[in-house]
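Trainee:
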């Protein structure tokens with residue numbers, strides 16, 4: 003009985019506000035190009051010499067017209083990762099500074115894979131899926 007009162011008291015002290023919801027994107031603005039060309043700063047982690055390393059990158063959101071042919075070529079088995087990375091990484095002025103050959107010659111497999119996952123959004127999708135799986139596991143095990 004005392005435990006129940008303690009739980010109720012703790013719940014009363016905690017604010018019951020939901021986190022602010024993120025506003026939805028406007029499809030008309032998207033149709034006018036609001037998403038394309040946006041630049042985001044991201045930290046990319048990768049393995050090198052037995053340790054986890056990180057590097058700051060600036061990723062420019064490429065258009066569907068640019069990425070769709072790359073996806074098509076990738077699905078046909080063509081190596082497009084270096085080209086894709088070179089197109090998406092930009093400097094502080096939003097300008098490309100790498101060419102495909104630089105990525106091929108100077109990036110390690112681990113770095114290229116990690117950057118590619120960041121460029122395509124696969125890293126975010128994996129984190130989201132892992133979070134949902136962990137949440138389901140807690141629910142299924144009775145832990146809330």
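Numbering (my numbering), first residue to last: 3 to 146.
Glycine included, C-beta positions come from ideal geometry on N, C-alpha and C.
Can you give the Cα-Cα distance for residue 46 and residue 123, rounded to whole angstroms?
Mentor: 12 Å
Trainee: Between residue 96 and residue 52, what straight-line distance do the alpha-carbon atoms span, to the nearest angstrom?
Mentor: 33 Å
Trainee: Taking buried to mean at least 16 other C-beta atoms within 10 Å of its own C-beta, is residue 66 buried or exposed?
Mentor: exposed
Trainee: List the residues that DSSP assigns as beta-bridge partners of residue 26.
Mentor: Paired residue(s): none; residue 26 is not in a bridge.
Trainee: Please return the same chain residues whose Cβ sits closer than 6 Å to the Cβ of residue 54, not counting the five positions on each side in sequence.
Mentor: 47
Trainee: To the nearest angstrom, how far is it from the Cα of residue 118 to the Cα of residue 22?
Mentor: 31 Å
Trainee: What are the boundary residues of the beta strand (DSSP E) that residue 115 is part of?
Mentor: No beta strand (DSSP E) holds residue 115; the alpha helix (DSSP H) holding it covers 111–122.
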